[in-house]
Amino acid sequence: MKFFDVAIVGAGPAGLFAAYELAEHGIRDIAIVDAGKDVRYRVCPLISAHSSRELGVACAGCRPCGVLYGVGGAGLFSSGAINLHPQVGGDLAVLLKSYSRAEEMIKYLDSILRKFGVSDETLKLPNPELVKEWERRAAKAGAKLIAPSQRRLGTEESIEFTIKLADYLAINGVKILTETVASDIEPAGDRFKLPTNRGIIEAARVILAPGRSGAAWFSEISKKLGIQTAPGPLDIGVRLEVPDYVMEPLVSVIEDPKIIMYTKTYDDKVRTFCVNPRGFVVAERYNGYVAVNGMSYRELKSRNTNLALLVTVQLTDPLEDTIEYGRQIAMTATKLGGGKPLIQRLGDLVSGRRSTWSRIDRSSVEPTLKDVTPGDIGMALPYRVVTDVVEAVERLDDMLPGIASPQNLVYAPEIKFYSVRAVVDDWMQTNVKGLFVAGDGVGLSRGINGAAITGVLAARGVLKTL
Ligand SMILES: Cc1cc2nc3c(=O)[nH]c(=O)nc-3n(C[C@H](O)[C@H](O)[C@H](O)COP(=O)(O)OP(=O)(O)OC[C@H]3O[C@@H](n4cnc5c(N)ncnc54)[C@H](O)[C@@H]3O)c2cc1C
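Residue numbers (my numbering): 180 to 645.
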C-alpha cells in the first residue's frame with residue numbers, strides 16, 4: 180500500500196490543474212490516478228499519422244478511440260476552446276459568489292496556459308462593435324448572445340500543452356498512475372483508502388475530479404459516503420451540421436458564440452454549445468450508449484461547421500435523478516441506431532420522416548461522422564425536446580440565413596449530464612472533511628475553464644488543511 184499526501188482521481192483539466200497548484204506550493208507526495216492512458220499513448224481517430232508522429236502521440240487511423248479517458252481528460256481531442264469568461268463553462272461567478280474573484284481565477288488560468296507555451300495566436304478577442312451588431316440580430320430572433328474571449332488551442336496545441344504540463348508535474352514528483360481505476364473510497368481515521376485495479380492507495384486528502392465519464396461513479400460514492408449533493412439539470416438535444424459558409428459571418432467575428440433563447444411553445448431554455456467551424460462531429464462511447472459531440476483541428480479542416488443545440492431539462496418531485504432519465508433517453512437512441520448515433524436531414528426531422536442513406540447522400544451537406552445510422556430522431560428524443568430544437572433552429576434562421584435549411588444534418592443524442600452537483604464550501608471541500616471535488620463529474624463545471632479553475636480552488640483548499 181502506498182501513502183500520498185494527496186490523491187487525485189482523474190487526470191483531466193480539473194485533476195491536472197489541482198496537481199499543478201499543489202506542486203507549485205511544494206507538495207511532493209501527490210498521486211493522480213486515471214482510468215485511461217498517458218497522453219502520448221492516447222489514440223485519436225482523426226489526427227493524421229503525420230501530425231501524430233510530430234507530436235509523439237499514437238494514432239491508429241480511424242479506429243474508435245478513448246476520447247473521454249486518459250491524461251488530458253475528455254477535452255484532449257476537442258477544439259480546445261478555453262473560454263475566458265466567468266459565465267461560460269459553468270457559472271463561476273455564482274459558484275465563487277463573486278464576479279471579480281471569478282475574473283481573477285480566469286486570469287490565473289490564462290497565465291498557466293501561457294507559462295506552458297500556449298501561443299498568442301490562440302487568443303480570440305471579438306471586436307466589440309461587430310459583437311454589438313450580432314447582439315442586435317440575436318435580439319431580433321428573440322435570443323441573447325454571449326461573445327466570450329477565448330483561447331482556441333485546437334487539438335494539436337491541446338495535446339502539446341497537456342504533454343508539457345504532465346511532464347512538468349512528473350519532474351516535480353507527481354505520480355501519474357495511468358490505466359488505474361479507482362473503484363471506491365474508504366475513510367480510514369485521518370486518511371482515505373482508495374482501492375484501485377492496481378492495489379490500494381492511501382492519502383491524507385483526496386480530490387475527486389472524475390469528469391463526466393465518472394459522474395455515475397461519483398453519484399454512487401456520494402450516496403455511500405453521505406456526501407451532500409443537490410439535483411441539477413440535464414442538457415439534451417442534437418448536434419447540427421451545416422455548410423461552413425452559413426456560420427462564417429458570425430464565427431469570423433465570434434469564434435464560439437453562445438446563443439441562448441427560451442422557446443415560445445414550452446418556455447424551455449435552448450442554447451447553442453461548442454461551435455466547431457470547419458470541424459468534425461465525433462461519437463462518444465459511454466457505458467451502455469453512444470452520444471455525439473464536436474471538435475475542430477488547427478490544420479485538418481472539413482467543409483462543415485457543427486454546433487450543439489441543447490435543451491435544459493430540470494426534473495423535480497418525484498423524479499430528480501436526471502442522470503437516469505438522460506441515460507434512458509440515450510440508451511433508447513442507441514438502440515434505435517443499432518449501437519451508433521442517429522443522423523437525419525433537418526427537413527426529414529421537421530416533417531417527421533425517417534432519413535435513409537440515399538436521402539442523406541442527396542443532401543448538399545456531407546456528414547463528417549460516417550459511422551452513424553440514418554433514422555428518425557423524433558422517435559428517440561422526447562417530443563418536447565424535438566419541438567424546442569426545431570423552433571430554435573427556425574428562429575436562428577432570422578439571424579443566420581441557411582441554418583434551417585432542410586439539407587442540413589442533425590445527429591443525436593447530444594447529452595450533457597450535470598445532475599449530481601456536490602455541495603461544497605468556498606474551497607471545494609465536501610461535508611466529508613478532507614474530501615475535495617472539482618470539475619464536470621461532480622457538477623461544478625461545464626467546460627475546460629471551469630474544470631481547471633475548480634481544480635485549482637480544490638488544491639488551495641487542500642493546502643489550507645494540510
Ligand atoms: C469531444 C469533446 C469536445 C469538447 N470540447 C470542449 C471545448 O472545446 N471547450 C471546453 O471548454 N470543453 C470542451 N469539452 C468538455 C471538456 O472536455 C470538459 O469540460 C473537461 O474535460 C472537464 O474536465 P474534468 O477534469 O472535470 O473531467 P475530464 O476531462 O472528463 O477528466 C476526467 C478523467 O477522470 C478519469 N476517470 C473517471 N473516472 C475514474 C475512476 N473511477 N478512476 C480513475 N480515473 C477516472 C477519466 O479517465 C478522465 O481522464 C469537450 C468534451 C468532449 C468530449
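Beta carbons: idealized from backbone N, C-alpha and C, even for Gly. What you are looking at is a predicted structure, and each value in this text was computed from that prediction instead of being measured.
Consult DSSP for LEU247 and reduce its assignment to one of helix, strand or coil.
Coil at LEU247, not helix or strand.
Let me check you understand the geometry: is the CB of PRO592 closer than 7 Å to at least one non-hydrogen atom of ligand 2?
By its list of ligands, the structure shown excludes ligand 2, since it contains just ligand 1.
Which word fits LEU645, buried or exposed, when buried means at least 16 other C-beta atoms lie within 10 angstroms of its C-beta?
Looking at its Cβ environment, which holds fewer than 16 other Cβ atoms inside 10 Å, LEU645 is exposed.
Between which two residues does the alpha helix (DSSP H) carrying VAL267 extend?
First-last for VAL267: undefined, no H or E at that position.
At what residues does the alpha helix (DSSP H) containing THR341 begin and finish?
That run of the alpha helix (DSSP H) goes 333 to 350.
Helix, strand or coil for ARG541? Go by DSSP, reduced to three states.
Correct three-state label for ARG541: helix.
Within the segment 420 to 454, note down every full beta strand (DSSP E) run reaching 3 residues or more, in order along the chain.
DSSP runs (the beta strand (DSSP E)) wholly in the segment 420 to 454: 437 to 441.
Should GLY252 be counted as a contact of ligand 1 given a C-beta to heavy atom distance under 7 Å?
Flag set: Cβ of GLY252 near ligand 1.
Below 8 Å between beta carbons: does that hold for PHE397 and VAL602?
No; because the gap between Cβ atoms is not below 8 Å, this pair is not in contact.
Rounded to a whole number of angstroms, what is the C-alpha to C-alpha distance between LYS548 and ALA583?
First, the residue type needs correcting, since residue 548 is Leu and not Lys in the sequence shown. Each residue's alpha carbon lies about 20 Å from the other.
Could you check whether VAL310 and ALA214 sit closer than 8 Å to each other, using their CB atoms as the reference points?
In this structure, VAL310 does not lie closer than 8 Å to ALA214 by Cβ.
Name the one or two DSSP bridge partners that ARG171 has.
There is no way to answer for residue 171, as the model of the chain reaches only from 180 to 645.
To which residues does DSSP link PHE196 through a beta bridge?
The partner list for PHE196 (beta bridge, DSSP) is empty, contrary to what the question assumes.
Just how far apart, CA to CA, sit PRO366 and SER258?
Distance between the alpha carbons of PRO366 and SER258: 39 Å.
Can you list, in chain order, the residues of its chain with a C-beta nearer than 6 Å to that of LYS216? Leave out the 5 residues immediately preceding and following it.
If we look at LYS216 and ignore the five residues flanking it on each side, its Cβ neighbours are GLY249, THR357.
At a threshold of 7 Å, does GLU335 count as lining ligand 1 (C-beta to nearest heavy atom)?
No, Cβ of GLU335 sits at least 7 Å from all heavy atoms of ligand 1.
Check this for me: beta carbons of TYR590 and VAL454, under 8 Å apart or not?
No, these two residues do not count as a Cβ contact at 8 Å.
Less than 7 Å separating the Cβ of MET474 from some heavy atom of ligand 1?
Yes, since a heavy atom of ligand 1 falls inside the 7 Å radius drawn around the Cβ of MET474.
For ALA197 versus VAL635, is the C-beta spacing smaller than 8 Å?
Cβ distance < 8 Å, so ALA197 and VAL635 count as in contact.
Whole angstroms are fine: how far does the CA of THR552 sit from the CA of ILE342?
C-alpha separation (whole angstroms): 36 Å.
To the nearest angstrom, how far is the alpha carbon of ALA637 from that of PHE371?
Whole-angstrom Cα-Cα distance: 17 Å.
For MET440 versus ALA326, is the C-beta spacing smaller than 8 Å?
No, these two residues do not count as a Cβ contact at 8 Å.
Measuring alpha carbon to alpha carbon, tell me which of GLY626, VAL611, TYR220 ends up nearest ARG384.
Closest option to ARG384, Cα to Cα, is VAL611.
Answer with buried or exposed for ARG315, where buried requires no fewer than 16 other C-beta atoms within 10 angstroms of its C-beta.
Exposed, by the Cβ-count rule.
Is any heavy atom of ligand 1 found at a distance shorter than 7 Å from the C-beta of GLY390?
Yes, since a heavy atom of ligand 1 falls inside the 7 Å radius drawn around the Cβ of GLY390.
Would you check if the distance between the CB atom of VAL490 and the CB atom of THR501 is smaller than 8 Å?
No. Outside cutoff.
Can you check whether the CB of GLY626 is closer than 8 Å to the CB of GLY393?
No, they are not a contact pair.
Starting from LEU288, trace the alpha helix (DSSP H) in both directions and tell me its first and last residue.
Note, LEU288: alpha helix (DSSP H), 278 to 294.
Below 8 Å, how does it come out for the segment 554 to 561 and the segment 426 to 433: are there three or more Cβ pairs, yes or no?
Because the criterion of three Cβ pairs below 8 Å is not met, the segment 554 to 561 and the segment 426 to 433 do not touch.
How about LEU525: is its Cβ closer than 7 Å to a heavy atom in ligand 1?
LEU525: no, Cβ never under 7 Å from ligand 1.
With 8 Å as the threshold, decide whether the Cβ of LYS643 is near any Cβ in chain D.
Here there is only one protein chain, and chain D is not present.
Counting C-beta neighbours from all protein chains within 10 Å, is the total for ARG221 16 or more, i.e. buried, or is it exposed?
With 16 or more Cβ atoms within 10 Å of its Cβ, ARG221 is classed as buried.
Run the proximity test for TYR465: is its beta-carbon closer than 7 Å to any non-hydrogen atom belonging to ligand 1?
Outside the cutoff, so no.
Say the cut is 7 Å; is the CB of LEU548 nearer than that to a heavy atom of ligand 1?
Every heavy atom of ligand 1 is 7 Å or more from the Cβ of LEU548, so no.
I'd like the span of the beta strand (DSSP E) that includes VAL565, first residue to last.
VAL565 -> not in any beta strand (DSSP E); alpha helix (DSSP H) instead, spanning 562 to 578.
For GLY191 versus ALA630, is the C-beta spacing smaller than 8 Å?
Yes, the Cβ-Cβ distance between GLY191 and ALA630 is below 8 Å.
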